[in-house]
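Let me begin by presenting the structure, written as structure tokens, before commenting on it.
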Amino acid sequence: PTVKPLMYDLRTTDNKFAMAIDLSKNNIVEGDIEQILKKSGAAEVNIKQF
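Residue numbers for the sequence shown, in our numbering: 63 to 112.
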């Protein structure tokens, strides 16, 4: 393997995972997605550009 995998968060492990949402391919605005994730019990919501 010569390709380094894209790590969204270095803290991602077997009991903590990351969810990536491509906002350019989504019809829900960023703020609404953030609220939905928080109401669903997300421990934290971060917005990053890749």
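Backbone N, C-alpha and C define an ideal beta-carbon position, used for all residues, glycine too.
As the structure is a computational prediction, the values presented were derived from the model and not from experiment.
- As the crow flies, the alpha-carbon of D94 is around 26 angstroms from that of N77.
- If you ignore the 5 residues before and after N88, its C-beta comes within less than 8 angstroms of the C-beta of I95, all in its own chain and listed in chain order.
- Contact annotation, V107 with L99: C-beta distance approximately 5 angstroms; criterion of less than 8 angstroms satisfied.
- The beta carbon of L85 sits closer than 7 angstroms to the beta carbons of E92 from its chain, once the five residues preceding and following it are set aside; these are given in chain order.
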